[in-house]
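Which chain is which? The protein sequence lines are V and Z, in order.
Going by our numbering, the first residue of the first sequence is number 1, and it counts up by one from there.
Going by our numbering, the first residue of the second sequence is number 1, and it counts up by one from there.
Just below is one structure, and these are the notes that go with it.
Protein chains: 2
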Amino acid sequence: MKTYLDCYPCLLRQALSAARRAGASENLQHSILLETMEDLSAFPPNSTPPQLAYRIHQQVQKLTNNIDPYREDKNQATQQALALYPELKKKVSESSEPLEMAVRIAIAGNIIDLGVAESYDLNATLQRVLTQSFAINDLVSLRNTLARSNTILYLADNAGETVFDRVLIESLELPVTYVVKAGPIINDATYEDAVAAGIDQVAEIIDNGSNAPGTLFDQCSDLFRKRFAQADLIIAKGQANYESLSNSSAPIFFLLQAKCIVIARDLGIDEGGTVLKQQDMNSFNT
Amino acid sequence: MKTYLDCYPCLLRQALSAARRAGASENLQHSILLETMEDLSAFPPNSTPPQLAYRIHQQVQKLTNNIDPYREDKNQATQQALALYPELKKKVSESSEPLEMAVRIAIAGNIIDLGVAESYDLNATLQRVLTQSFAINDLVSLRNTLARSNTILYLADNAGETVFDRVLIESLELPVTYVVKAGPIINDATYEDAVAAGIDQVAEIIDNGSNAPGTLFDQCSDLFRKRFAQADLIIAKGQANYESLSNSSAPIFFLLQAKCIVIARDLGIDEGGTVLKQQDMNSFNT
């Protein structure tokens, strides 16, 4: 997905938010805003939002000398999600459509995103996503693709969301490789966040070799690129994975909430929509 | 009020919004974003938000060759408000506290602000502001000041809000001079907007000699500055007037809704608060 003009003010807000979470002084926050505006002005217009976000959040990490400004937020999100885990499992086991319920739960967890917004209401979101109609619903295709696949490559998004992913992984009857970031960026899940959510008990965990948001191939390891190229079925969670992979001709199912108007418009749906979208293999080039 | 760092992304969003309302192409919108980031980087940090907004919206007017991007929005807002006028008058006449009701109505009309947000829900706001407690309530002081004043200088804010102001003006028992902008800026009321709201039937209308948002003295006419300096009682509507006059030692009552977190924090209240605030004459220098 291209970077829309609406992304500029949003990325500037994100830089300020990250600077504050990193404990920057008022003066340093101001310097970071100036630096971010320079970055935004210099970037090629055909960049994707995760490419810009990567640069901007890396700058904040460097200028604040804080490699992981979202660490505390990530730990809290995981704990909050783990407290919900038994209830989520019960919802799946009691559902007449356990796969659909588990998919909805995984998408609900995508609200745990500190890039798009400053805060979120997890319980209200859960209620909403478990009951509202899908804005895009490729569940039938997902079932069919699952039936003919041997393994699943699952691209994680945020810490805490990991617990919701675990519920979905436990509902799938195939071996799953869970792909996290190689280092901290925003509140994206790293190895330790995945383990804290118990993912190590249900899937192989690898990192993609990069600490960029989404999946930026030029930043990723050869190993990850190879796994991606060979995958039968890829589940890609969250906005940044959609933004970076929407032009990739791979067997991807995107699971996300359209948490801002920009991505909603790109998908042709209303803001807040629940999305289970199969990549259209015929429309794109790698 | 100083410009807080949160104002930077908001002003960038405003520039984009104004560019679109002015009919700018995607390319021109991009250029305007770049120009705005340059402006934001170059401004002295002790500027007030209306000083920055003035520069930015003037640039949009110039670069799009559209002197009044909000004209259609302003006309619609006035028509929408005029349709509510009979109901608003009835609320005042049936109220056991007509002055308080008229003040609430004038504050409710302050939601008609296309700088702070992209849209608003006038009916929902009216319901809320007419019933919720004031976050700051200097109504007793306002009554006392009204009792010992001969005239009122009423600093207008937005087109459409003018109709709500008219209801308050009709509830006051003193001659009112209604001060509008000398030219278009955002959706601020100009002479023609005031007349369209029927203000000419209930008050003298003057302009402040400037088309800056709020009240920037260095941009205003000598005539307006004289009227301001001599005023017994000044009613200043909206965020921009608060932002530009919060350090002025004048007999001002600010009537506004705290529509963003920045102004809410500056006032020490929650976002969305209803404010009738008397200027603290002892705390400030002109």
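C-beta: ideal position from N, C-alpha, C; glycine also.
Since the model is a prediction, treat every value here as computed from it, not as a measurement.
Here V:D207 is bridged, per DSSP, to V:V180. Each residue's CA atom was taken as its position, placing V:Q58 and V:S17 some 13 Å apart.
Within the model, the alpha-carbon separation for V:S210 versus Z:L256 is close to 48 Å. Under DSSP, V:V275 shares a beta bridge with V:I136 and V:L256. By DSSP's assignment, Z:T190 forms a beta bridge with Z:K181. Taking the CA atoms as reference points, V:S96 sits about 18 Å from V:P86. Apart from sequence neighbours up to five positions away, the residues of its chain that approach V:Q278 with a beta-carbon distance below 6 Å are D138, S141 and F253, ordered along the chain. Residue burial annotation: V:G115 is buried, with at least 16 other C-beta atoms found within 10 angstroms of its C-beta. Taking 8 Å as the Cβ-Cβ cut-off, the region 39-57 of chain V approaches chain Z at L40, S41 and P45, given in chain order. If only complete runs of 4 or more residues are kept, the region 25-68 of chain V shows the alpha helix (DSSP H) at 26-42 and 49-64, in order along the chain. Beta bridge pairing from DSSP links V:I152 with V:V176.
The beta carbon of Z:S47 sits closer than 7 Å to those of T3, all from its chain and outside the five residues before and after it, given in chain order. Contact check between the region 124-139 of chain V and the region 148-155 of chain V: fewer than three CB pairs, one atom from each, fall below 8 Å, which does not count as touching. In this model, V:A258 and V:A24 are separated by some 30 Å (Cα to Cα). Shown here, Z:N247 sits in coil according to DSSP, grouped into three states, outside any helix or strand. A distance below 6 Å between beta-carbons, with the five flanking residues on each side excluded, links Z:N75 to no residue of its chain. Distance between V:A182 and V:D207, taken at the CA atoms: about 5 Å. Using a C-beta cut-off of 8 Å, the region 219-236 of chain Z makes no contact with the region 184-198 of chain Z, since fewer than three inter-stretch Cβ pairs fall below that distance. With fewer than 16 neighbouring CB atoms inside 10 Å of its own CB, V:S93 falls in the exposed class.
Look at Z:K2 here: in three-state DSSP terms it is coil, with no helix or strand label. Note on geometry: alpha-carbon atoms of V:V103 and Z:A106 lie some 48 Å from one another.
For Z:D6, the nearest beta carbon of chain V is closer than 8 Å to its own beta carbon.
When the five nearest sequence neighbours on each side are left out, the beta carbons in the same chain lying within less than 6 Å of the beta carbon of V:L168 are those of A102 and A106, in order along the chain.
Within the same chain, and ignoring the five residues on either side of Z:D232 in sequence, the residues whose Cβ sits closer than 7 Å to its Cβ are S149, N150, T151 and P251. Residues of the region 6-40 of chain Z with a Cβ closer than 8 Å to any Cβ of chain V, in chain order: D6, Y8, P9, C10, L12, R13, L16, E26, Q29, H30, L33, L34, M37, E38 and L40. In this structure V:D39 is not in contact with V:R21, their Cβ atoms being roughly 19 Å apart against a cut-off of 8 Å. Counting other Cβ atoms within 10 Å of its Cβ, V:E173 stays below 16 and is therefore classed as exposed. In the displayed model, Z:A81 falls within a helix according to three-state DSSP.
With contacts defined by Cβ atoms closer than 8 Å, V:L12 and V:L33 form a contacting pair.
In the DSSP assignment, V:A236 falls within the beta strand (DSSP E) that extends over I234 to K237. Burial check for Z:E118: the Cβ neighbour count within 10 Å stays below 16, so the residue is exposed.
The Cβ neighbour count for Z:P49, taken over all protein chains shown within 10 Å, is at least 16; the residue is labelled buried.
Between V:G238 and V:V163, the beta carbon gap of about 14 Å keeps them out of contact (Cβ cut-off 8 Å).
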